[in-house]
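Chemist: If you want my numbering, it's the 1-based position in the sequence shown plus 4.
Structure below; questions to follow.
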Amino acid sequence: MYKLDEKDITPVQSRPRLALTLGDPAGIGPEVILKALADPEVSKSCDLTVVGSRSLLVEIYTKLKLAKNSQPLANPEELSIFDVPLDKHIQDEILIGTGNAASGAASFAYMETAIAQTLADQFDGIVTGPIAKSAWKAAGYNYPGQTELLAEKSGAKRVGMLFVARSPHTNWTLCTLLACTHVPLSQVPKVLTPQLMTEKLDLLVECLEKDFGLQRARIAIAGLNPHSGEQGQLGHEEQDWLIPWIEQERKNRPNLQLDGPVPPDTMWVKPGQAWYGNIDPSAAISSGDATRSPWRALALTTTLSTSPLRVNPSQAADAYLALYHDQGLIPVKLMAFDRAVNTSIGLPFIRTSPDHGTAFDIAGKGIADARSMKAAILLAAELVSQRRKVKL
Numbered sequence: 005m006y007k008l009d010e011k012d013i014t015p016v017q018s019r020p021r022l023a024l025t026l027g028d029p030a031g032i033g034p035e036v037i038l039k040a041l042a043d044p045e046v047s048k049s050c051d052l053t054v055v056g057s058r059s060l061l062v063e064i065y066t067k068l069k070l071a072k073n074s075q076p077l078a079n080p081e082e083l084s085i086f087d088v089p090l091d092k093h094i095q096d097e098i099l100i101g102t103g104n105a106a107s108g109a110a111s112f113a114y115m116e117t118a119i120a121q122t123l124a125d126q127f128d129g130i131v132t133g134p135i136a137k138s139a140w141k142a143a144g145y146n147y148p149g150q151t152e153l154l155a156e157k158s159g160a161k162r163v164g165m166l167f168v169a170r171s172p173h174t175n176w177t178l179c180t181l182l183a184c185t186h187v188p189l190s191q192v193p194k195v196l197t198p199q200l201m202t203e204k205l206d207l208l209v210e211c212l213e214k215d216f217g218l219q220r221a222r223i224a225i226a227g228l229n230p231h232s233g234e235q236g237q238l239g240h241e242e243q244d245w246l247i248p249w250i251e252q253e254r255k256n257r258p259n260l261q262l263d264g265p266v267p268p269d270t271m272w273v274k275p276g277q278a279w280y281g282n283i284d285p286s287a288a289i290s291s292g293d294a295t296r297s298p299w300r301a302l303a304l305t306t307t308l309s310t311s312p313l314r315v316n317p318s319q320a321a322d323a324y325l326a327l328y329h330d331q332g333l334i335p336v337k338l339m340a341f342d343r344a345v346n347t348s349i350g351l352p353f354i355r356t357s358p359d360h361g362t363a364f365d366i367a368g369k370g371i372a373d374a375r376s377m378k379a380a381i382l383l384a385a386e387l388v389s390q391r392r393k394v395k396l
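Below you can see the structure in the form of structure tokens.
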């Protein structure tokens, strides 16, 4: 979780101004927002305005209160809300737990409003609730995701999906950029080119300098094939262009340390060790694990006690450049599913989002985990503050 020290909390009048979209109102977005905004740490970090339908948020709040949810909820009456009215027939067709054209139209309207207001300098950045791409498509909006809409509306020519998470065990920060995102696996070798890789590396370096204050970063770059091609025995892309590209980039960027191409199956060992640190096996196993599966508890105890993780986080890279979606997101979600943050880089403003979907199956039940939403808000506030320092 992202924690701001008291000394980093700026006066109210200069705190980061963030728009927070509801996401798909039929999903868990409204619930995790109400839970996140009940946390005093969040309210201290920034000035938040919820962009969505006030009446829907009140309706969901009432439903959750009646469900006797044990977790605190922010009262919508006490929140700053930029009300986005919906046509009555659209609002009447929104059903909690069911994504459809109506909920897609609503979430699209919230995003358009937040983007327009941010470009008009009403906000410094946007934190987006999760949306369903299928619901957008049902509503007639054919975008692969929110990132593409943000890029189009803001005029950004180069954008990237950077996933950021801070370890609760060591406080080490994992940063993973995807070279290509929502691309079928069969198309990945065709999409990847030296030009695309240079564009993504440019974005990553700019982000590390501007948003994280890293001027001489170490970046690990994954190979595409098993064992990074095994010198052409298991694939030719590394030999044909990836290795020459990395060698040229080392010459072009002498202030950086570029590692790679790192075999994909070993690239995530050091990040995993940096993430977990020297974990006490007894602390790593909850009573719930033992109750649900004694064999799982035994396996975890055996693994952690015989193979302690003793790598210093400093041995890990500052950022990781994965070549395709699952190569980067499987390890990120394995380590940090409940606290990773999707950060859009290359936009003229900060944009973050929790790294999970709408979870229609649990919407309205009061059991959604708000930690990723809290992390998204706190990271957005931190990045806005960092950009302000850079401009001074």
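Even for Gly, the Cβ is constructed at its ideal location relative to N, Cα and C.
(1) Tell me which residues share the same chain as Val88 and place their Cβ nearer than 7 Å to its Cβ, disregarding the 5 neighbours each side in the sequence.
(2) For Leu383, which three-state DSSP category applies?
(3) Measuring only the C-alpha atoms, how far is Ser232 from Gly33?
(4) Just curious, the alpha helix (DSSP H) that Ile434 is in, first and last residue?
(5) If you reduce the DSSP assignment to three classes, tell me which class Ala105 lands in.
(6) Based on Cα-Cα distance, which residue from Ala321, Ser376 and Gly361 lies nearest to Ala340?
(7) Please report the residue range of the alpha helix (DSSP H) in which Asn256 lies.
(8) Roughly how many angstroms separate the alpha carbons of Asp206 and Val62, rounded to a whole number?
(9) Select from Glu210, Lys214, Gly217 and Leu182 the residue whose C-alpha is nearest the C-alpha of Met201.
(10) Do the CB positions of Ala23 and Phe127 come within less than 8 Å of each other?
(11) Looking only at its chain, what residues have a beta carbon closer than 7 Å to the beta carbon of Val388, apart from the 5 residues adjacent to it on each side?
(12) Exposed or buried, what is Arg220 when buried is set at 16 or more other beta-carbons lying within 10 Å of its beta-carbon?
(13) If you reduce the DSSP assignment to three classes, tell me which class Gly159 lands in.
(14) Can the beta-carbon of Val168 be found less than 8 Å from the beta-carbon of Cys184?
(15) Helix, strand or coil for Val266 per DSSP?
(16) Determine, for Asp263, whether the minimum Cβ-Cβ distance to residues of chain D falls below 8 Å.
(17) Decide yes or no for the touch test of the stretch 331–350 against the stretch 272–282: beta carbon pairs closer than 8 Å, at least 3 of them.
(18) Rank Phe216, Gly370 and Leu382 by C-alpha distance to the C-alpha of Phe101 and give the top, closest one.
(19) Between which two residues does the alpha helix (DSSP H) carrying Tyr280 extend?
(20) If we ignore side chains and look at the alpha-carbon of each, how far apart do Lys72 and Gly368 end up?
(21) Secondary structure at Ala30, three-state DSSP: helix, strand or coil?
(22) Roughly how many angstroms separate the alpha carbons of Pro29 and Leu70, rounded to a whole number?
(23) Please name the residue or residues paired with Phe167 in a DSSP beta bridge.
(24) Per the DSSP calculation, Ile371 is bridged to which residue(s)?
(25) Any idea what DSSP makes of Ala340, helix, strand or coil?
(26) Per the DSSP calculation, Ser57 is bridged to which residue(s)?
(27) Once you ignore the five residues that flank Leu228 on each side, which residues in its own chain have a CB closer than 6 Å to its CB?
(28) Taking the beta carbon of Asn256 as the centre, do at least 16 other beta carbons fall within 10 Å, making it buried, or is it exposed?
(29) Just how far apart, CA to CA, sit Cys179 and Ala224?
(30) Between Leu382, Ala380 and Ile366, which lies nearest to Leu99 when the distance is taken from Cα to Cα?
(31) For Pro172, tell me which candidate among Gln237, Pro352 and Ala344 has the shortest Cα-Cα distance.
(32) For Ala71, which residues does DSSP report across the bridge?
(33) Give the C-beta separation of Ile250 and Leu262 to the nearest angstrom, bearing in mind that I take them to be a contact with Cβ-Cβ under 8 Å.
Modeler: To lay it out plainly:
(1) Mapped onto the sequence shown, residue 88 falls at position 84. Excluding sequence positions up to five before and after Val88, its CB lies within less than 7 Å of the CB of Val55, Gly56, Ser57, Ala113, Tyr114 and Thr117, all in the same chain and listed in chain order.
(2) The sequence position of residue 383 within the sequence shown is 379, counting from 1. The three-state secondary structure of Leu383, taken from DSSP, is helix.
(3) Position 228 of the sequence shown, counted from the start, is the residue given in the question as residue 232. Position 29 of the sequence shown, counted from the start, is the residue given in the question as residue 33. Ser232 and Gly33: Cα-Cα distance of roughly 39 Å.
(4) Outside the shown range of the chain (5 to 396) lies residue 434, about which nothing can therefore be said.
(5) To locate residue 105, count along the sequence shown from 1; it is residue 101. If DSSP states are grouped into helix, strand and coil, Ala105 belongs with the helices.
(6) In the sequence shown, counting from the first residue as 1, residue 340 sits at position 336. A check of alpha carbon separations from Ala340 across Ala321, Ser376 and Gly361 identifies Ser376 as the nearest.
(7) Position 252 of the sequence shown, counted from the first residue, corresponds to residue 256. Element bounds for Asn256: Ile247 to Asn256.
(8) Working through the sequence shown from its first residue, we reach residue 206 at position 202. Working through the sequence shown from its first residue, we reach residue 62 at position 58. Between Asp206 and Val62, the C-alpha separation is close to 43 Å.
(9) In the sequence shown, residue 201 corresponds to position 197, counting from 1. Closest by alpha carbon: Leu182.
(10) Here residue 23 refers to the residue found at position 19 when the sequence shown is read from its first residue. Here residue 127 refers to the residue found at position 123 when the sequence shown is read from its first residue. For the 8 Å CB-CB criterion, Ala23 and Phe127 form a contact.
(11) Taking the first residue of the sequence shown as 1, we reach residue 388 at position 384. Cβ neighbours of Val388 beyond the five flanking positions: Pro20, Asp128, Gly129 and Ile354.
(12) Taking the first residue of the sequence shown as 1, we reach residue 220 at position 216. In this structure Arg220 is exposed. Its beta-carbon is surrounded by fewer than 16 other beta-carbon atoms within 10 angstroms.
(13) Indexing the sequence shown from 1 puts residue 159 at position 155. Residue state, collapsed to three classes: coil.
(14) One-based indexing of the sequence shown puts residue 168 at position 164. One-based indexing of the sequence shown puts residue 184 at position 180. No. Outside cutoff.
(15) If you number the sequence shown from 1, residue 266 lands on position 262. The answer is strand: DSSP assigns Val266 an E or B state.
(16) Structure shown: chain D not included; a single protein chain is present.
(17) Touching, yes.
(18) For the purposes of this step, residue 101 is taken as the residue at position 97 of the sequence shown. According to the sequence shown, residue 101 is Gly rather than Phe. Comparing Cα positions, the closest option is Gly370.
(19) The count along the sequence shown starts at 1 and reaches residue 280 at position 276. Annotation: the continuous alpha helix (DSSP H) that includes Tyr280 extends over Val273 to Tyr280.
(20) Within the sequence shown, residue 72 is the residue found at index 68, counting from 1. Within the sequence shown, residue 368 is the residue found at index 364, counting from 1. Roughly 12 Å separates the two Cα atoms.
(21) To locate residue 30, count along the sequence shown from 1; it is residue 26. DSSP places Ala30 in the coil class of the three-state scheme, outside both helix and strand.
(22) Within the sequence shown, the letter at position 25 stands for residue 29. Within the sequence shown, the letter at position 66 stands for residue 70. If I take the Cα positions, the gap works out to 18 Å.
(23) Counting from one through the sequence shown, the residue named residue 167 turns up at place 163. In the DSSP assignment, Phe167 is bridged to Thr180 and Asn346.
(24) Counted from its first residue, the sequence shown places residue 371 at position 367. Ile371 pairs with nothing; no bridge assigned.
(25) Taking the first residue of the sequence shown as 1, we reach residue 340 at position 336. Three-state result, Ala340: helix.
(26) Residue 57 sits at position 53 when you count from the first residue of the sequence shown. None, per the DSSP bridge assignment.
(27) Here residue 228 corresponds to residue number 224 of the sequence shown, with the count starting at 1. The answer, listed in chain order, is Glu241 and Leu327.
(28) Numbered from 1 along the sequence shown, position 252 holds the residue referred to as residue 256. So Asn256 ends up on the exposed side.
(29) Along the sequence shown, one-based indexing puts residue 179 at 175. Along the sequence shown, one-based indexing puts residue 224 at 220. Looking at the two C-alpha atoms, the distance is approximately 11 Å.
(30) Taking the first residue of the sequence shown as position 1, residue 99 is located at position 95. Ranking Leu382, Ala380 and Ile366 by Cα distance to Leu99 puts Ile366 first.
(31) For this step, residue 172 is matched to residue 168 along the sequence shown. Of the residues Gln237, Pro352 and Ala344, the one whose Cα lies closest to the Cα of Pro172 is Ala344.
(32) By one-based count along the sequence shown, residue 71 stands at place 67. In DSSP, Ala71 forms no bridge with anything.
(33) Position 246 of the sequence shown, counted from the start, is the residue given in the question as residue 250. Position 258 of the sequence shown, counted from the start, is the residue given in the question as residue 262. About 6 Å separates the two Cβ atoms, so the contact holds.
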